[in-house]
Amino acid sequence: MKSPWATHGETMTVADGEECWIVEFYGRDLWAGVRIPSDHFTVAANRARIMEVDFEDTENVMASPNIVSFAVDQGWYDPSSGKPFNIAEIYAPNDNLYATRREWRAFDLVAPSLGLSPHDVRFPLSVKPDRLLTVHDIFVIKGDYYQGTDYDLTVGLAAGPWGDPLRYANTSRTGTWERSINMHRTCYVHIGQTNSAYADPFKGISWYGYGAPDTTYIVPLWPIMRELPKFYETGSRYEEFRRDSGWWVNSYVQQMAELHYNLAIQDIRNYRDPKLEVLYKVTPEVQKIATEMYETDPEGAIDLISNYAFMNAVAWHEEWKLLGDRLLGNYALGYVNFRSSPYPDWWNEAIGYGFPER
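This is the structure we're talking about:
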């Protein structure tokens, strides 16, 4: 690890198909990294997660040479106090619910048997999931709104009559919404997957999608690809809507889902998830073929992966245009398939619906 470039705090995951490390940068040239066990799951939600570590365990712990001495020099840690050196508490103390609730939720989804409390301030750096996780499991976690918990954003008056979990900024008074894992202002979702069984150019995948995870799709992309479809470099949220922009097409579907969220999200999942299942099954087969081909025809193998990824991405982009149009047709103007969609009774009662007084 080189340390010549000082910057602000950040958390990064480093993996190569054999091992995985979580590395945190605390500003200046201060950093620490911990190896995550191969059968464990970890989460970082806008705060430092590495706490007490054994610096002598160089197989599983790395850190900048000054990680302790700098804290001592600043008066942040006294070695004679008998207290353990807690990196996160010293360099980036944060017990805000904005972070802790998401950490709890992610851990509770993968390891409910642990019975972790949503009120805890600190959680283990990593836990062993109750079952083996897939790419789709991670994708679902990233699209979570605390469904089925006391913090479920799809219920209550703030969710409106159709269970809309999106909460926009409210600056007119002091307070805050629950910060769910999924977020309406998300620009992209990325799931990195590595497998050392495949040749180096093909072992690392970025499952990538634009916008909020609950309403987007993900496709496999490789760094070795010859080129990316043009829609990945077209348009931005600071420009007008464009159907040739990947970001805007996914944002279009996200916006259409808000017309009648509780029904639209089911339409999206029913349309998306079976197609993703096929993608999850076919992709490792393509990696395997490319790996075998790479030994005798490396350029042909790269072409194979590039064409596979390129065509998949283009096909999904076109599908999402059609899906957005379909959602608009299904839920425009307060209707469901242009049939009346009455407000639910609980909503009418809550808002005091009745006959106006003269």
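Numbers given in the numbering used here equal positions in the sequence shown, counted from 1, plus 117.
Cβ atoms here follow ideal geometry from the backbone N, Cα and C, with glycine treated the same way.
Endpoints, the alpha helix (DSSP H) within which residue i is located
i	result
residue 217	214–227
residue 252	252–259
residue 148	Where residue 148 is concerned, there is no enclosing alpha helix (DSSP H), although the beta strand (DSSP E) it sits in stretches over 148–153.
residue 371	363–374
residue 204	204–208
residue 283	It is not in any alpha helix (DSSP H) - residue 283 carries neither H nor E in the DSSP assignment.
residue 393	378–411
residue 466	462–467
Counterpart residues of residue i in DSSP-defined beta bridges
i	result
residue 132	137
residue 337	324
residue 243	159
residue 127	142
residue 453	456
7 Å Cβ shell around residue i - same chain, five flanking residues per side excluded
i	result
residue 201	169
residue 375	281, 283
residue 162	216, 219, 220
residue 225	233
residue 295	218, 263, 268, 270
residue 253	393, 397
residue 274	467
residue 464	278
residue 417	410
residue 461	278
residue 156	245
residue 477	Only positions 118 to 475 of the chain appear in this structure, which leaves residue 477 out of reach.
residue 310	252, 322, 324
residue 360	366, 438
residue 320	134, 311, 312, 313
Own chain, CB closer than 6 Å to residue i, minus 5 neighbours either side, in chain order
i	result
residue 211	164
residue 403	425
residue 326	306, 333, 334, 335
residue 315	404, 408
residue 63	This structure does not reach residue 63, given that the chain is present from 118 up to 475, and the question cannot be answered.
residue 192	none
residue 429	336
residue 400	337
residue 137	153
Run of the beta strand (DSSP E) containing residue i, from where it starts to where it stops
i	result
residue 434	Where residue 434 is concerned, there is no enclosing beta strand (DSSP E), although the alpha helix (DSSP H) it sits in stretches over 415–448.
residue 306	305–311
Own chain, CB closer than 8 Å to residue i, minus 5 neighbours either side, in chain order
i	result
residue 426	336, 337, 338, 339, 342
residue 178	149, 150, 151, 152, 170, 171, 172
residue 423	339, 341, 342, 343, 344
residue 452	458
residue 128	139, 140, 141, 142, 161, 165, 166
residue 237	217, 221
residue 230	247
residue 251	397
residue 213	164
residue 135	313
residue 304	327, 328, 354, 364
residue 203	168, 169
residue 187	145, 147
residue 285	301
Near the ligand ZN: residue i beta-carbon under 6 Å from a heavy atom
i	result
residue 241	The model depicted lacks the ligand ZN and carries no ligand whatsoever.
Are the stretch 273–286 and the stretch 369–384 touching by the rule of at least three beta carbon pairs closer than 8 Å? yes
Extract the residue ranges of the alpha helix (DSSP H) inside the stretch 143–200, only unbroken runs of 4 or more that lie entirely within it. 186–190
Is there contact between the stretch 239–250 and the stretch 335–350, where contact requires at least three CB pairs shorter than 8 Å? no
Could you check whether the stretch 359–372 touches the stretch 435–454, counting it as contact only if at least three pairs of C-beta atoms, one from each stretch, sit closer than 8 Å? yes
Between the stretch 179–199 and the stretch 135–147, do at least 3 Cβ pairs fall closer than 8 Å? yes
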